[in-house]
Amino acid sequence: MTDRTLKQTLTPTLLWGLGVGYVISGMYFGWNLGLEKGGTWGMALATLLVIVLYTCFSFSYAELACAIPKAGGAYDYAERAFKKDIGFITGLAQIIEFVFAPPAIAIAIGAYFNLAFPQVPILGAAITVYIIFSALNIYGVKAAANFELIITILAVGELLLFATLTLPHFSATNFSKNAFPNGWSGAFAALPFAIWFFLGIEGLANVAEETLHPQKDIIKGFGWALLTLVILCILVFVAAIGIGGWEAIVYTTNGTSSDSPLPLALGKIFATNHVFYKLLIGIGLFGLVASFHGLLLASGRATFEFGKIGNAPKFLGEVHARFQTPANALLFNSLLGVLIICTGKTAEIIIISVFGAVSIYIISMLAVLKLRRQQPELHRPFKVPFYPITPIIALVLAIICLIALCYYNGILACYYFGIIFLFFVLYKILKK
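Pasting the structure below:
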């Protein structure tokens, strides 16, 4: 008989490492592309709104994760609240988020490698990390989570070192230079890149089945991870822009947009052969690897659950006989990731991933509200504070983000909703 049971090994400390690790690459790259849209003040406003969104969302989502601790995460919550069709759409949006985010990070890893070793091609490095970390995730979740914890601690330490080195050189004049170039519209256009600061923390819910005590430990993971990430976000934002202005960490010397904002900032105060500059690139890779590796783990669980319940080919829902990990789902996602990498379009890949994320935020908050009303008897070891205000705030802010995404990225919106529509039609036909 095919095994479909995941092994329970994760502790609160490992959950913190996963929660921070999923997200921390957003501090190292990607967010700086929002400065191109909104400048310092526009990006700051977008980031403030997103911090409120994620604070309200994380505590509301933790209620669902503690009450329904399953690997499908948002899919399982939506399916329980709104039945199978909405569950399928939510699960597909979740897979899109988790499948598109790692390729963007892999491209950034390749860019950092290329900075340190110019002879290493960006594309080759990106594909290599896919192979290595897919293998690690297949080997075992505890080994993967322990590795994640170690590199996450190193990545957090590196960001604190970056802030320590750069904040003494902070200039209010540089920070405020050309700070609001596109007005309020720029702030809305910057929203997807502000979301990139925190995108992925919801992946904690997807390892609930592998947590030793999910109904009390998941909230600890969400809470401490979110607090850590908010502090790091503010430090990196102020320190990086304050050295030379926002344009200095967006554009390279030849005028192209950069996937390496922190080295650009540090390059304003240290030569490229300085020990601190080299250290940032070296340890900075750990931050990117932490998120890449963690999101591979979460995406594998999301695809695994889809296969297990029959919304995708059954082989995706099988567990490796020896390692008790979703090996087939991990390999399938990695193949898709390599194909996405080959496009080389980091900003567009990030935005597609954000579309998936915002979709599940909206549906999940609706699920919180509906399940409270329809299933008051459901065992909820953790209940979101200030209900229903907290999930309603998250819902409204997520809707605003989706509207902004569609308005400023019309073509990508068509691609995203086209994928959802196509697979939903196939799902309905094949189910019949």
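Start counting the sequence shown at 823; every next residue gets the next number (our numbering). Glycine included, every Cβ here is placed at the ideal spot set by N, Cα and C.
query: DSSP three-state call for leucine 875: helix, strand or coil?
result: Position 53 of the sequence shown holds residue 875. Helix.
task: Would you check if there are 3 or more beta carbon pairs closer than 8 Å linking the region 1015–1027 to the region 865–877?
output: yes
task: Look at the alpha carbon of leucine 983 and the alpha carbon of tryptophan 853, and state the distance between them as a whole number of angstroms.
output: Along the sequence shown, one-based indexing puts residue 983 at 161. Along the sequence shown, one-based indexing puts residue 853 at 31. Taking the straight line joining both Cα atoms gives about 19 Å.
query: Taking Cβ positions, are alanine 884 and isoleucine 1040 nearer each other than 7 Å?
result: Here residue 884 refers to the residue found at position 62 when the sequence shown is read from its first residue. Here residue 1040 refers to the residue found at position 218 when the sequence shown is read from its first residue. The answer is yes: Cβ separation under 7 Å.
Leucine 886 beta carbon less than 7 Å from that of tyrosine 899: Position 77 of the sequence shown, counted from the start, is the residue given in the question as residue 899. Position 64 of the sequence shown, counted from the start, is the residue given in the question as residue 886. Contact flag set, yes.
Residue closest to threonine 833, alpha-carbon to alpha-carbon, out of Asp907, Ala1226, Ala967 and Trp1068: Residue mapping note: residue 833 aligns to position 11 of the sequence shown, counting from 1. Of the listed residues, the one whose Cα sits closest to threonine 833 is Ala967.
- request: Confirm, please, whether the CB-CB distance from leucine 981 to methionine 849 is below 7 Å.
  value: Taking the first residue of the sequence shown as 1, we reach residue 849 at position 27. Taking the first residue of the sequence shown as 1, we reach residue 981 at position 159. Yes, these two residues count as a Cβ contact at 7 Å.
Per-residue DSSP class, three states only, for threonine 824: Residue mapping note: residue 824 aligns to position 2 of the sequence shown, counting from 1. Residue placement at threonine 824 cannot be trusted, given a pLDDT of 47 that sits under 50; what the coordinates show is reported in the next sentence. Correct three-state label for threonine 824: coil.
field: Contained alpha helix (DSSP H) runs [length at least 4] in the region 1161–1206, N- to C-terminal order
entry: 1168–1196
query: Where do the ends of the alpha helix (DSSP H) carrying arginine 1144 lie?
result: In the sequence shown, counting from the first residue as 1, residue 1144 sits at position 322. Counting along the chain, arginine 1144 falls outside any alpha helix (DSSP H), and DSSP gives it neither H nor E.
- prompt: Do tyrosine 952 and glycine 1159 come within 7 Å of each other at the CB atom, strictly closer than that value?
  reply: Translated into positions along the sequence shown, residue 1159 becomes position 337. Translated into positions along the sequence shown, residue 952 becomes position 130. In this structure, tyrosine 952 lies closer than 7 Å to glycine 1159 by Cβ.
message: Which runs of the beta strand (DSSP E) at least 3 residues long sit entirely within the region 1012–1063? Give them in chain order.
response: none
query: Who are the near neighbours of valine 1180 in its chain, counting only those whose CB is closer than 8 Å to its CB and skipping five residues on each side?
result: As a working mapping, residue 1180 is identified with position 358 in the sequence shown. These residues qualify, in order along the chain: Ile1017, Ala1220, Cys1223, Leu1224 and Leu1227.
- request: Count the C-beta pairs between the region 907–914 and the region 1108–1123 that are closer than 8 Å, then say yes if the count reaches three, no if not.
  value: no
query: Where does the unbroken alpha helix (DSSP H) through alanine 1120 begin, and where does it stop?
result: Start at 1 with the first residue of the sequence shown, and residue 1120 comes out as number 298. Element bounds for alanine 1120: 1097–1130.
- prompt: How is the alpha helix (DSSP H) around glycine 1240 delimited, first residue to last?
  reply: Within the sequence shown, the letter at position 418 stands for residue 1240. Element bounds for glycine 1240: 1232–1253.
- prompt: Span of the alpha helix (DSSP H) holding lysine 1136?
  reply: In the sequence shown, counting from the first residue as 1, residue 1136 sits at position 314. Looking at the DSSP string, lysine 1136 is not in any alpha helix (DSSP H), and its letter there is neither H nor E.
Reduced DSSP category for serine 956 - H, G, I as helix; E, B as strand; rest coil: Residue 956 sits at position 134 when you count from the first residue of the sequence shown. If DSSP states are grouped into helix, strand and coil, serine 956 belongs with the helices.
- request: In angstroms with no decimal places, state the Cα-to-Cα distance between valine 1218 and glutamine 1197.
  value: Taking the first residue of the sequence shown as 1, we reach residue 1218 at position 396. Taking the first residue of the sequence shown as 1, we reach residue 1197 at position 375. Answer to the nearest angstrom: the Cα atoms are 23 Å apart.
- request: Report yes if the C-beta distance between proline 1083 and isoleucine 1091 is below 7 Å; otherwise report no.
  value: Translated into positions along the sequence shown, residue 1083 becomes position 261. Translated into positions along the sequence shown, residue 1091 becomes position 269. Contact flag unset, no.
message: Quick check: what's the CA-CA separation for histidine 1096 versus leucine 1102?
response: Position 274 of the sequence shown, counted from the start, is the residue given in the question as residue 1096. Position 280 of the sequence shown, counted from the start, is the residue given in the question as residue 1102. In a straight line, the C-alpha of histidine 1096 is about 10 Å away from that of leucine 1102.
query: Count the other CB atoms within 10 Å of the CB of alanine 1259; is the residue buried (16 or more) or exposed (fewer)?
result: For the chain, the structure presents residues 823 to 1254; residue 1259 sits outside this window and is missing.
message: So, for phenylalanine 922: in the same chain, excluding its five sequence neighbours on each side, which residues have a beta-carbon less than 6 Å away from its beta-carbon?
response: In the sequence shown, the residue the question calls residue 922 occupies position 100. Excluding sequence neighbours, phenylalanine 922 sits near Ile1171, Ile1174 and Ser1175.
- prompt: Does DSSP classify alanine 897 as helix, strand or coil?
  reply: As a position in the sequence shown, residue 897 is number 75, starting the count at 1. The amino acid at residue 897 is misidentified as alanine; the sequence shows tyrosine. The answer is helix: DSSP assigns tyrosine 897 an H, G or I state.
message: Count Cβ pairs between the region 1057–1071 and the region 914–928 that sit closer than 8 Å; are there 3 or more?
response: no
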